[in-house]
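*Asks:*
Numbering (the numbering used here), first residue to last: 221 to 401.
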């Protein structure tokens, strides 16, 4: 067991101690908690990161989860809640503080309503949601695979996802998208 004063020290301690779980604050001097989380997860297979912080805004929640954190708690959580969350992440769970979960869900709901796509992006996304590979999409739309990939990159960015599976799932859940210019 150890305590680190900043992100760099946390990364070094994780490499040395090889803990099962790291409790990570997001606001630290030097390397922040999001960057430290990403490094710990990348460099220490099997180490789980559980964020324990005072921030419940959407941007920080998403940044921490995207960096590899498996759970997100606020510092006002009870000791029992923290211990339960530690057990959950080691068992493959993803505990979220109720305030953080509410912020995340509310933000995602608003984001889904505000996303607009070009006509071509909507066509690509609909075909992706149907499970079609890039080559088939390009053939059906009469465009190159490279252009399909460019549209997918734009779609991923707008949706805040990192791969085609996540985008396809989004497309399947949202049968109506807004068309832009």
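For glycine and all other residues, C-beta sits at the position ideal for the given N, C-alpha and C.
Express the C-alpha separation of residue 309 and residue 235 in angstroms, rounding to a whole number.
*Replies:* Approximately 19 Å between the Cα atoms of the pair.
*Asks:* Using DSSP bridges, identify the partner residues of residue 316.
*Replies:* Answer is 292, bridged to residue 316.
*Asks:* According to the neighbour-count rule (16 or more other Cβ atoms, all chains shown, within 10 Å of its Cβ), is residue 377 buried or exposed?
*Replies:* Residue 377 should be labelled exposed.
*Asks:* How is the beta strand (DSSP E) around residue 188 delimited, first residue to last?
*Replies:* Absent from the structure is residue 188, since the part of the chain shown begins at 221 and ends at 401.
*Asks:* Just list the alpha helix (DSSP H) runs in the segment 230-283, keeping only unbroken ones of 4 residues or longer that don't cross its boundaries, in chain order.
*Replies:* Segments of the alpha helix (DSSP H) lying fully in the segment 230-283: 253-263.
*Asks:* Take residue 276 as the anchor and find which of 296, 269, 252 and 345 has the nearest alpha-carbon.
*Replies:* If we check each option's Cα against that of residue 276, 296 comes out closest.
*Asks:* Apart from the five residues on each side of it in sequence, which residues of its chain come closer than 6 Å, Cβ to Cβ, to residue 195?
*Replies:* Examination of residue 195 is not possible in this model, given that the chain is present from 221 through 401 alone.
*Asks:* For residue 282, tell me which candidate among 335, 257, 306 and 263 has the shortest Cα-Cα distance.
*Replies:* The candidate whose alpha carbon is nearest that of residue 282 is 257.
*Asks:* Quick check: what's the CA-CA separation for residue 372 versus residue 221?
*Replies:* Whole-angstrom Cα-Cα distance: 44 Å.
*Asks:* From the DSSP output, read off the bridge partner residues of residue 324.
*Replies:* In DSSP, residue 324 forms no bridge with anything.
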